[in-house]
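Protein chains in written order, with UniProt numbering: chain X, 1 to 370; chain C, 1 to 715. Quick reminder that beta carbons are idealized off the backbone N, C-alpha and C, glycines included. See structure below.
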Amino acid sequence: MAKTAIGCEPTVGSLAPSKKREYKVTNRIQEGKRPLYAVAFNFIDARYYNVFATVGGNRVTVYQCLEGGVIAALQSYVDEDKDESFYTLSWACNIDGTPFLVAGGINGIIRVIDAGSEKIYKSFVGHGDSINEIRTQALKPSLVVSASKDESVRLWNVHTGICILIFAGAGGHRNEVLSVDFHPSDIYRIASCGMDNTVKIWSMKEFWTYVEKSFTWTDLPSKFPTKYVQFPVFIASVHSNYVDCNRWLGDFILSKSVDNEIVLWEPKTKEQTPGEGAIDILQKYPVPECDIWFIKFSCDFHYNAAAIGNREGKIFVWELQSSPPVLIARLSHVQCKSPIRQTAMSFDGSTILCCCEDGTIWRWDAVGAS
Amino acid sequence: MPGLPLVARETTNPGCNCSHSRPVDQMCRQDSRVHLSAEEAIAAEESLSIYCKPVELYNILQRRALRNPSFLQRCLHYKIQAKRKRRIQMTVSLSGAVNDGVQAHNLLPLYIILARPISDIAAAGNSAVFCLARTCLIVASSEFEGRSQTEANFVLPEIHRLSANEKASILTVLLVSCGEANNSLPGSAMAKDHLDMTSFSSSIKGPCLWGKIPLESLYSSWLKCMNLNMGQRAEMLSAVDMHSGFVEPSCLDEGSCISFKVPQNSGTMSSLRQVQVNISAQEVGAKERSPYSSYMCSDVPGSSLSHLIRLRSGNVIFNYRYYNNMLQKTEVTEDFSCPFCLVQCASFKGLRYHLCSSHDLFNFEFWVTEEYQAVNVFVKTDIWRSEIVADGIDPRLQTFFFCSKPRKRKRSKSLAQNAKHVHPQVVKLDLPEVMGEGLCGGHVEKNAGTSSTVPVKVNPTTAEPSNQISHQKAKNDAHTIKGGEKTPKILSENGFQNESHKAESNGFGDPCTAEYAERVASSPNVTGVSTATAQSSAGLECLQPISGSNLAPPAMLQFAKMRKLSAERSDPRNRTLLQKRQFFHSHRAQPMALEQVLSDRDSEDEVDDDIADFEDRRMLDDFVDVTKDEKQIMHLWNSFVRKQRVLADGHIPWACEAFSRLHGRDLVRAPNLIWCWRLFMIKLWNHSLLDARTMNNCNIVLERYQSEGPDPKQS
């Protein structure tokens with residue numbers, strides 16, 4: 001935990017809802033009995049901003065949010081392996097723009113589903129254990145990064161199926177990696193966090209040639225000179241417990257642990273001494289009853305707001321970029337009781353989806369927005 | 001087994017042996033009271049069969065050794081022969097009294113001459129010519145230069161040979177006394193026991209007294225005397241008539257001769273003088289023989305025979321233990337000879353060394369008492385012996401020890417290479433030098449032995465039946481010509497039984513065939529071989545039926561087989577195994593294509609140089625108290641050391657020179673860098689990692705780059 005000087009204490013948001021926006025439940029879908037671990041809108045392709053997908057058990061389902069709270073199921077993919085339990089998904093796309101669904105879970109195999117042709121496009125083998133999060137590089141949507149229980153983060157090229165880099169080794173995570181995120185503008189940068197209570201920022205600047213090479217690689221993927229990135233450029237100990245979600249907010253990082261709050265902090269890397277550096281905790285976004293791990297928050301496209309569920313099925317929507325943070329809304333429904341593992345905010349934040357452990361999907365729409 | 005089969009006794013039967021004195025009881029200490037039931041008897045028989053294979057192996061070795069004796073045995077055999085060579089030492093001396101008053105010493109100095117009469121006295125008209133063989137001079141004590149020479153010694157061949165040899169039988173002992181005339185003899189000639197013939201025959205001249213004793217008469221008397229054979233001294237006195245005459249040298253082409261002229265009045269003179277001569281003879285080579293040794297078996301009643309046999313000094317009792325040491329079979333060999341290979345040793349000690357070194361398939365216990373020498377023999381129950389393979393076990397499946405100098409076995413892919421690799425060793429092991437007992441360890445010899453048996457024992461699975469026939473033929477006196485014809489055929493059959501491995505089998509099969517054919521061809525000539533084996537088989541008769549079959553196949557072949565396996569058969573199998581499952585890259589955990597799996601590249605301990613360089617640079621960047629140039633040199637050095645795998649202190653001098661050559665051109669362009677590098681070398685020198693000479697060399701290299709100018713090769 002970083003110490004903060006007097007006068008530099010982080011500002012903590014008030015849990016009093018500002019009522020800036022009001023949401024109400026417009027739909028509820030019982031997808032199955034198995035818990036749903038991830039839900040995500042497709043921000044990669046502007047044509048499909050209202051398409052989202054969920055994963056739970058061995059199933060990946062694609063829906064479309066329609067007017068008036070209607071949710072239309074578009075596609076459903078079931079893994080052959082009944083024991084597969086997908087933990088995460090991310091939208092990506094091929095270089096020709098075909099939307100891809102990239103999902104991973106307990107088996108450690110990353111499934112790349114071509115949602116256009118409704119076929120499995122590729123399966124990435126390499127991770128030695130379950131995959132906890134997959135994220136897509138928005139600037140180059142064929143690049144995805146995966147965080148795994150095997151303490152490594154891998155960068156993949158979904159187009160060519162190449163494992164480009166492995167972020168692990170001497171300076172790597174010492175326990176499961178739970179979350180990973182691409183820097184929104186610095187294409188070389190990623191942040192990862194995990195059960196070793198740290199957040200690590202990695203740079204692939206020196207390895208970018210390999211990333212480029214991966215696009216033109218025609219030989220066998222297994223022959224690609226996959227490189228190990230052993231040392232992160234920054235290691236932050238912001239939390240004292242599992243860090244299960246982190247996102248870049250500009251150059252700042254939003255991360256959460258099991259301490260009922262999301263923390264916004266600034267990694268102050270020194271150019272001279274990589275790996276070291278100070279952190280500056282800027283703001284805190286309290287989330288009551290959010291003390292179990294593997295609860296992930298999501299943001300709208302512009303990172304104006306973040307929505308996070310909690311153990312009791314409530315959702316807190318925070319305005320991220322105001323100081324002090326403003327709680328936009330606190331969403332609760334009597335029938336929504338089970339832990340919400342992940343939420344999804346639509347492009348403009350007008351729709352919030354949440355997927356619960358009981359296998360339900362709730363759709364909240366902002367009142368008067370549409 | 002050779003030797004005298006004593007009593008094929010079991011210890012249940014105390015018989016004659018244990019009625020003797022205490023040491024004998026000790027010797028057969030397992031005696032007594034073991035009463036075997038029928039099954040136990042069968043079991044005992046079976047346990048005796050463990051002797052079969054070792055014995056057979058040694059028979060084979062022995063057959064080889066007949067033609068090609070082992071080096072040491074061959075070299076040292078003369079010693080044994082010399083020791084055993086029988087000869088008679090005859091001593092002639094004057095006994096005191098001469099019958100009619102002539103004092104014996106008046107005759108002195110007296111020449112005792114061993115000579116061969118050339119012409120008879122009668123025939124050559126009063127003259128006798130003798131060809132001199134050996135001469136001795138007898139002088140009275142203290143008379144001649146302090147030398148006392150009172151008797152003359154002659155070494156004669158063995159008595160039987162003497163009597164058989166015509167030339168020897170006519171030898172005569174001459175006694176010549178020339179009075180004082182001998183003073184003219186050169187002193188040098190006198191100084192020796194045996195005088196120089198030529199000088200003697202030429203110098204002796206003048207009137208003399210002479211007498212002769214025909215050796216034949218001596219023989220006959222010696223022959224009568226049984227004791228001489230036993231090594232005892234045979235003494236006799238004989239009176240020799242001395243005749244007077246003139247002695248003069250006569251030169252005939254047969255060597256140095258002397259002739260005696262008998263004067264006309266010889267008849268009157270002849271009986272004038274008589275000398276008593278004491279002649280004693282002793283058989284030298286037989287000295288160590290005990291009085292019992294000459295008895296033939298037939299002379300002595302059977303009951304006491306064994307006792308006598310035991311007492312002969314060269315006789316060794318071998319007790320073959322079996323059935324958990326409860327039973328033993330006994331045999332006795334003569335002349336310290338080895339029961340397995342019939343080699344005669346010079347002493348019990350020699351036998352002991354021979355047994356231990358040449359027959360190490362057995363364990364030996366040596367017993368020596370005053371009365372006998374005994375050896376207890378046990379079969380080594382060492383299961384790892386590749387030579388002895390239990391029945392019904394495929395020897396190819398047995399653990400195989402290849403006893404040789406550790407040489408690097410290259411996994412060569414071509415079979416021809418394999419064959420080449422194997423072949424020279426077969427040949428090498430066949431060399432007699434390797435066979436030398438004592439010189440080399442037992443295992444080498446054994447290997448040699450087995451490799452020598454290559455042709456006979458090839459692959460028992462196919463060759464067994466016919467093999468046995470040929471082998472037993474070899475055992476019978478009928479000899480092995482037929483078998484010899486057969487075996488190479490078997491071998492070649494064998495060699496080609498796997499068509500696919502032709503190249504390999506050809507590679508070393510052929511020389512063996514040739515070799516064996518040669519051996520077989522030679523073996524019928526050596527009658528000793530077959531008798532020996534026949535004898536030995538008599539010793540362990542019950543075992544015969546199963547012997548001759550499956551000795552272990554030769555080590556070499558086995559070795560070759562294994563190679564074949566790995567090279568051919570197992571490869572496709574492994575291949576399919578490799579194809580069956582998915583393999584992952586050791587670093588990236590990426591699934592590997594089959595092509596990659598089967599490629600030679602092994603990435604296991606690969607170092608990614610790019611990454612390592614990058615990490616190194618990053619590590620150096622962390623240093624704050626180091627200049628940029630120093631960091632640069634450090635980085636260059638680190639990557640150089642990593643790439644060239646400079647690991648040990650001893651690599652440093654080479655590394656410095658190579659580094660100077662590699663980076664010299666860049667270094668001379670940046671004076672700061674070159675100084676950093678020099679400082680670094682000095683640091684190394686401080687730590688005694690770099691010697692001054694090498695540092696000098698490095699600086700010479702750098703200076704050369706400097707003098708070449710900044711961009712000498714740019715154009």
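DSSP places I134 of chain X outside any alpha helix (DSSP H); the residue lies instead in the beta strand (DSSP E), whose first and last residues are 131-136. Counting only Cβ-Cβ distances below 7 Å, F614 of chain C has contacts in chain X at E206, in chain order.
Look at the region 218-251 of chain X: the residues with a C-beta under 9 Å from a C-beta of chain C are L220, P221, S222, K223, F224, P225, T226, K227, Y228, V229, Q230, F231. Of the other Cβ atoms in all chains shown, fewer than 16 fall within 10 Å of the Cβ of Y78 of chain C; this residue is therefore exposed. Chain-ordered, the chain C residues with CB closer than 9 Å to the CB of I166 of chain X read H587, R588, A589.
In the displayed model, V102 of chain X falls within a strand according to three-state DSSP. Taking the beta carbon of Q706 of chain C as reference, no residue of chain X falls within 7 Å; the closest one sits roughly 34 Å away. In the three-state reduction of the DSSP assignment, E212 of chain X falls in the helix class, which pools H, G and I.
For V125 of chain X, the chain C residues whose Cβ falls inside 9 Å of its Cβ are Q582, F584, A589, Q590, P591, in order along the chain. Under the three-state reduction of DSSP output, P671 of chain C falls in the helix class. At a cut-off of 9 Å between beta carbons, R642 of chain C makes no contact with chain X. Assignment of T369 of chain C by DSSP, reduced to helix, strand and coil, places it in the coil class. Taking a 10 Å sphere around the C-beta of E595 of chain C, we find fewer than 16 other C-beta atoms and assign the residue as exposed.
If you draw a straight line from the Cα of V641 of chain C to the Cα of L647 of chain C, it is about 8 Å long.
Sorting C:V377, C:I213, C:S256 by C-alpha distance to the C-alpha of A239 of chain C places C:I213 at the top.
Looking at the DSSP output, T198 of chain X shares a beta bridge with no other residue. Distances from the CA of F71 of chain C to each of C:G211, C:M681, C:H354 were compared; the closest alpha carbon is that of C:H354.
Between W367 of chain C and N325 of chain C, the alpha-carbon positions lie close to 16 Å from each other.
Under the three-state reduction of DSSP, N325 of chain C is assigned to coil, being neither helix nor strand. Neighbours of R661 of chain C in chain X, taken as residues at a C-beta separation under 8 Å, are lacking, since the least C-beta distance is about 29 Å. In the three-state scheme derived from DSSP, where H, G and I count as helix and E and B as strand, Q344 of chain C is classed as strand. Under the three-state reduction of DSSP output, N260 of chain X falls in the coil class, being neither helix nor strand.
Within chain X, the residues L220, S222, K223 have their CB atoms less than 8 Å from the CB of Q596 of chain C, given in chain order. Within the same chain, and ignoring the five residues on either side of F207 of chain X in sequence, the residues whose Cβ sits closer than 7 Å to its Cβ are L165, K227, V229. R618 of chain C has a beta carbon lying within less than 9 Å of a beta carbon in chain X. Contact annotation: the region 611-629 of chain C does not touch the region 649-666 of chain C, with fewer than three C-beta pairs closer than 8 Å.
Taking the beta carbon of C163 of chain X as reference, the chain C residues within 7 Å of it are R588, Q590, listed in sequence order. In the displayed model, S217 of chain C falls within a helix according to three-state DSSP. G171 of chain X and Y242 of chain X have their C-alpha atoms roughly 18 Å apart. At least one CB of chain C lies nearer than 9 Å to the CB of G128 of chain X. When 7 Å is used as the limit between beta carbons, D609 of chain C is near no residue of chain X, the shortest such separation being about 11 Å. Contact between the region 320-329 of chain X and the region 340-348 of chain X is absent: fewer than three C-beta pairs spanning the two stretches fall below 8 Å. Here DSSP, grouped into helix, strand and coil, assigns C354 of chain X to strand. In the structure shown, the three-state DSSP call for W637 of chain C is helix. By the CB criterion at 9 Å, W362 of chain X and V25 of chain X fall inside the cutoff.
Here I292 of chain X carries a coil assignment [DSSP, helix/strand/coil].
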